[in-house]
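Everything in the sequence shown is counted per the UniProt record's numbering, starting at 1 for the first residue and increasing by one.
Beta carbons are placed, not taken as given, at the ideal position from N, Cα and C, and that holds for glycine.
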Amino acid sequence: MKKFPVALQPYTIRDELSQDYLGSLEKVAAIGYRGIELGPPEDMSVPELKAHLDRLGLQVISSHASLDALTNQLDALIDYLQQVGGTYAAHSSRFESKQQVLDSAAAFNRIGERCREHGIQFLYHNHNWEFVKFDGAYALDILLRETDPDLVKMELDTYWVKRGGEDPAEYLRKLCNRCPLLHIKDMEPGEEQFFAEIGEGVLDFNGIFQAAEEAGTEWLVVEQDRCRRPAFESIAISYNNLHALDIIQQGA
Numbered sequence: 001m002k003k004f005p006v007a008l009q010p011y012t013i014r015d016e017l018s019q020d021y022l023g024s025l026e027k028v029a030a031i032g033y034r035g036i037e038l039g040p041p042e043d044m045s046v047p048e049l050k051a052h053l054d055r056l057g058l059q060v061i062s063s064h065a066s067l068d069a070l071t072n073q074l075d076a077l078i079d080y081l082q083q084v085g086g087t088y089a090a091h092s093s094r095f096e097s098k099q100q101v102l103d104s105a106a107a108f109n110r111i112g113e114r115c116r117e118h119g120i121q122f123l124y125h126n127h128n129w130e131f132v133k134f135d136g137a138y139a140l141d142i143l144l145r146e147t148d149p150d151l152v153k154m155e156l157d158t159y160w161v162k163r164g165g166e167d168p169a170e171y172l173r174k175l176c177n178r179c180p181l182l183h184i185k186d187m188e189p190g191e192e193q194f195f196a197e198i199g200e201g202v203l204d205f206n207g208i209f210q211a212a213e214e215a216g217t218e219w220l221v222v223e224q225d226r227c228r229r230p231a232f233e234s235i236a237i238s239y240n241n242l243h244a245l246d247i248i249q250q251g252a
């Protein structure tokens, strides 16, 4: 099976980052992560951040942004990504109607075109609420149908696909060459469906990773929205379980 470089979505350690930004990044790198999804820093210049990340061997692969930022501050986001060497700009939305999905698809195509002009790929990141149906079709399926696959690709989230009632591996197979980043998170058994460390829950990651290889996924991105353990313990467990599965591409 293909091996993948592994990144972290630092929402998992949001509290720790707010208390010790650089120290937290050092801990992420020490665990073994080689990529990170990170927005522009607040208390240092972008070149200073890049120097710290280079020292730690951490690569910014993407940044998540609001629709307002993508609409009104896209040039600044593109400039940031170009400075740190990031390739992807990701976004999440919520849809209350089919028309809202269609309007969003048109907007995402425009944003994706502007990103492509500067060497950046626009991604849509799902949650479970895109698995509501309008006229018999999932909102996410409508969005994928109405967007240009070269301009709008996916950052599929395994937990939220499962929470939405679908099989993550099977859904990923529908996204051949359209899902360069895969958010991986696990789910505890039971009715609560609480978040779990990778390999500690009910998701079939062997099947998911096989589907990721078939789909042409480039990076696995660990995220855990809420943790029962200390956050750094959780992300270390996830990384170590991935290592035990022999799925991590070393030196990435």
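> Does the distance from the CB of Leu-49 to the CB of Ser-63 come in under 9 Å?
Replying inline: Here residue 49 refers to the residue found at position 49 when the sequence shown is read from its first residue. Here residue 63 refers to the residue found at position 63 when the sequence shown is read from its first residue. No; because the gap between Cβ atoms is not below 9 Å, this pair is not in contact.
> So what's Tyr-138 in DSSP terms, helix, strand or just coil?
Replying inline: In the sequence shown, the residue the question calls residue 138 occupies position 138. Tyr-138 sits in a strand when the DSSP states are folded into three classes.
>> Here's the rule: buried if 16 or more other CB atoms are within 10 angstroms of the residue's CB, otherwise exposed. What is Gln-99?
In response: Locating residue 99 in the sequence shown gives position 99, where the first residue counts as 1. By the beta-carbon neighbour count (other beta carbons within 10 angstroms, threshold 16), Gln-99 is exposed.
> From which residue to which residue does the beta strand (DSSP E) around Asp-157 run?
Replying inline: Residue 157 sits at position 157 when you count from the first residue of the sequence shown. 152-157 is the span of the beta strand (DSSP E), which, as asked, contains Asp-157.
>> For Leu-245 and Asp-141, what's the separation of their Cα atoms in angstroms?
In response: Within the sequence shown, numbered from 1, the residue matching residue 245 stands at position 245. Within the sequence shown, numbered from 1, the residue matching residue 141 stands at position 141. Here the C-alpha atom of Leu-245 lies approximately 31 Å from the C-alpha atom of Asp-141.
> Which ranges does the alpha helix (DSSP H) cover as unbroken runs of at least 4 residues, wholly within the stretch 207-245, from first to last along the chain?
Replying inline: The stretch 207-245 is shown to contain whole alpha helix (DSSP H) runs of 4 or more residues at 231-244, in chain order.
> Residues in its own chain within less than 8 Å of Ala-236 by CB, not counting five upstream and five downstream?
Replying inline: Locating residue 236 in the sequence shown gives position 236, where the first residue counts as 1. Once the five neighbours on either side are set aside, the close Cβ partners of Ala-236 are Ile-31.
> Thinking C-alpha only, which one of Pro-41, Lys-174, Tyr-33 and Arg-163 is nearest Asp-20?
Replying inline: Along the sequence shown, read from residue 1 onward, the residue named residue 20 stands at position 20. Checking every option, the nearest Cα to that of Asp-20 belongs to Pro-41.
>> Per the DSSP calculation, Met-1 is bridged to which residue(s)?
In response: On the sequence shown, position 1 is the one that residue 1 refers to. According to DSSP, residue pairing for Met-1 in a beta bridge does not occur.
>> Suppose you measure from the CA of Glu-155 to the CA of Asn-241; what does that come to, to the nearest Å?
In response: Indexing the sequence shown from 1 puts residue 155 at position 155. Indexing the sequence shown from 1 puts residue 241 at position 241. In a straight line, the C-alpha of Glu-155 is about 22 Å away from that of Asn-241.
>> Between the stretch 146-154 and the stretch 188-202, can you find at least three pairs of beta-carbon atoms closer than 8 Å?
In response: Not touching, per the Cβ criterion.
>> Nearer than 8 Å: is that true of the beta carbon of Leu-144 relative to any heavy atom of the ligand ZN?
In response: Judged by which ligands are present, the structure shown has none, so any question about the ligand ZN falls away.
> Per DSSP, what kind of secondary structure is Ser-104 in: helix, strand or coil?
Replying inline: Position 104 of the sequence shown holds residue 104. Correct three-state label for Ser-104: helix.
> Can you give the Cα-Cα distance for Thr-217 and Ile-208, rounded to whole angstroms?
Replying inline: Counting from 1 along the sequence shown, the entry for residue 217 is found at position 217. Counting from 1 along the sequence shown, the entry for residue 208 is found at position 208. Their Cα atoms are separated by approximately 11 Å.
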